[in-house]
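Here the structure comes first, spelled out in structure tokens, and everything after it is commentary.
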Amino acid sequence: MRSKSLRLLLLLIALAYIGVFAKNHSSRPKLRRSDFPEDFIFGSATSAYQCEGAAHEDGRGPSIWDTFTEKFPEKILDGSNGSIADDSYNLFKEDVNLLHQIGFDAYRFSISWSRILPRGDRKGGINQAGIDYYNNLINQLLSKGVKPFVTLFHWDLPEALEDAYGGFLGDEIVNDFRDYAELCFQKFGDRVKQWTTINEPYTVVHEGYITGEKAPGRCSYFTNPDCTGGDAATEPYIVGHNFLLAHGAAVKVYREKYQATQKGEIGIALNTVWHYPYSESNADRLAAARATAFTFDYFVEPIVNGKYPIEMVNNVKDGRLPTFTPEESEMLKGSYDFIGVNYYSSFYVQDVPCATKNITMTTDACVSVVGERNGVPIGPAAGSDWLLIYPKGIRDLLLHAKLRYNDPVLYVTENGVDEVSTGEVFLNDDLRIDYYAQHLKMVSDAISMGANVKGYFAWSLMDNFEWSEGYTVRFGLVFVDFEDGRKRYPKKSAKWFRRLLKGESNGTKQQKIKFQNKRWLFFGCLLLYKHGNSGRSFSFKTSKEI
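For the sequence shown, counting from 1, position 399 maps to 388 in our numbering; every step adds exactly one.
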């Protein structure tokens, strides 16, 4: 009787094991490279301050992120900085080989403004060592068949310009950014065919000038008493305005002097969560639209139509929203060949009364943005508390851009997920594979519904310095051992991408092997059960042979 019970228990365990396996993988859609257009570009992304390191080498000038992290380490979760980061400045050939081995078509990286212009402007001199580094990186990429997608500004403003006139708070930044961009077009434009002017201006506006948690760390006292100064009701709008004018000036000089001969394209990379109404009420629907207007449309409306979204015009009081001159509006209108979309998560939005005191750009939207409804999160949490996984949001965001903005060319310039850097996941990042599979399926659905999406960049190629979170979370397809010479180890997700880009059905081969192993376990237990019932004995022998 005891033997029969044991055999029955083994059978039940096998059934449960199969069930858990099926449950864990049933939500992972199977994808093939052929599910996307033939000319669709797959790539991965990093940024200069997050991965290059060599912050004080070869003539590079300090950026505001060097100042922010080195003077105020307490503002970074683990007190770290990007002075070494992934040491990609010295290990870029290894990184290019990883891109090639995975099979990516393109690499999206940013140029460190202060590495090529240490003082921020042409008058302060050009650092030839910085020019040489980016020439070597670009040439190495092209030698491996990987296209360089170059971002001109990914948050690391030269400290000299911050000191001189407040950086993006000063009107002078427009001409200095234009001159910096033109230098890049002159030095690299013969080989770089895709340019992004600015990455995520909204993040800088919000976290650099409202909450103060990112460089330059400005805000109103009532939002964060640790800020060194600022005004969260006015400065964010000034900075956003100058971002737009700097973008427009860079696009103008590229189109007038370089695009015809270099035959490249230029755009901007914008981020937002996607916003869903908390309820079916009309008030919450309008609130969700306002939330999008104050984040994504904030920058798209001006570069498409030369004006701010009507929701912002209506809500921002007391003349705090700057206006464009007719010449500026004309310069901005149509100042893009593509729009980059950085998407990670989605949230619910409720309508709330507008604030009457402690005004900030955030309160001007008159909304409450929350991650759960009736106690149920919109999606499972990742390593960062702001990242709730909701794949459908990327499809809805892409379709919003298509329908509201005349069907622009779109790239998903960032999309990814992190895990806490505890050492528990290491290379077996199944959550990341699920995330990419589910989001890529939604991108494919958006394309089938008419969105003009031309490419997708996974964030990020490798674990790196994640701004306010330091090295406490990891977004990489490649594990970086920060304790042992920055050695790189491809994670399971990198191998998943390699199979996808080689044309294999997404994850199918590996899943089949795993399923076959579990199927044999099931049938072995079933056979044991049957033989036990027939009165025949069975024995197992251990062996090192496969």
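Each residue gets a CB set at the ideal place from its N, CA and C atoms; glycine is no exception.
These numbers come from a predicted model, not from an experiment.
query: Chain-order list of residues whose beta-carbon lies under 8 Å from that of K133 (same chain, five-residue window excluded); result: V85, N86, L88 and H89
query: N-terminal and C-terminal residue of the alpha helix (DSSP H) that Y123 is part of; result: Q117 to S132
query: Uninterrupted beta strand (DSSP E) stretches inside the region 126 to 199 (no shorter than 3 residues); result: 136 to 142 and 183 to 188
query: Where A44 falls, given that 16 or more other Cβ within 10 Å makes a residue buried; result: buried
query: Beta carbon of T212 nearer than 8 Å to that of T200; result: yes
query: At least 3 beta-carbon pairs within less than 8 Å: the region 315 to 335 vs the region 375 to 382; result: yes
query: Separation of F486 from W509, as counted between CA atoms; result: Summary for W509: the model assigns pLDDT 36, below 50, so the residue's position carries little reliability; its value from the coordinates is reported in the next sentence. Distance between the alpha carbons of W509 and F486: 28 Å.
query: From V467, Y169 and W456, residue whose alpha carbon lies closest to that of A447; result: V467
query: Helix, strand or coil at R21 according to DSSP, with G and I counted as helix; result: coil
query: Straight-line Cα distance separating D473 from D326; result: 42 Å
query: Delimiting residues of the beta strand (DSSP E) encompassing E403; result: L399 to E403
query: Y38 versus G459 - alpha carbon distance; result: 12 Å
query: Cβ-Cβ separation, S457 to L66 (assumed contact under 8 Å), whole Å; result: 6 Å
query: Alpha helix (DSSP H) runs contained entirely in the region 296 to 326, provided each spans 4 or more residues; result: 299 to 304 and 315 to 321
query: Counterpart residues of K476 in DSSP-defined beta bridges; result: D470
query: Assigned secondary structure, M451 (DSSP; H/G/I helix, E/B strand, else coil); result: strand
query: Reduced DSSP secondary structure (H/G/I, E/B, other) of F283; result: coil
query: Three-way DSSP call (helix, strand, coil) for L537 in this model; result: Because the chain is modelled from -10 through 535, residue 537 falls outside the range shown and cannot be assessed.
query: Residues of its chain near E46, where Cβ-Cβ distance is below 8 Å and the 5 sequence neighbours each way are ignored; result: Y78
query: Burial state of P107 (16 or more Cβ within 10 Å); result: buried
query: Contact check, F142 vs Y247, beta carbons under 8 Å; result: no
query: Sheet register partners of A258 (DSSP bridge); result: N188 and G329
query: Touching by the beta-carbon criterion (3+ pairs, under 8 Å), the region 394 to 414 and the region 428 to 440; result: yes
query: Under the three-state DSSP convention, the category R393 falls into; result: helix
query: Inter-residue CB distance, R167 and A239 (contact presumed, cutoff 8 Å); result: 6 Å
query: Any 3 or more C-beta pairs closer than 8 Å across the region 225 to 234 and the region 363 to 376; result: no
query: Within-8 Å CB hit, L150 to chain C; result: Looking for chain C here will not work: only one protein chain is present.
query: Residues sharing a beta bridge with V358, DSSP; result: V338
query: Inter-stretch contact at 8 Å, needing at least 3 Cβ pairs: the region 217 to 225 / the region 347 to 366; result: yes
query: Where P366 sits in the DSSP three-state scheme; result: strand
query: Identity of the residues DSSP links to I30 by a beta bridge; result: G444
query: Helix, strand or coil at K252 according to DSSP, with G and I counted as helix; result: coil
query: C-alpha gap between M451 and R475, whole angstroms; result: 11 Å
query: Neighbour-count burial assignment, Q129, 16 or more Cβ in a 10 Å radius; result: buried
query: Residue nearest to P397 in terms of C-alpha spacing, selected from G439, G360 and C216; result: G439
query: Segment contact, 8 Å Cβ cut-off, at least three pairs: the region 154 to 164 with the region 112 to 131; result: no
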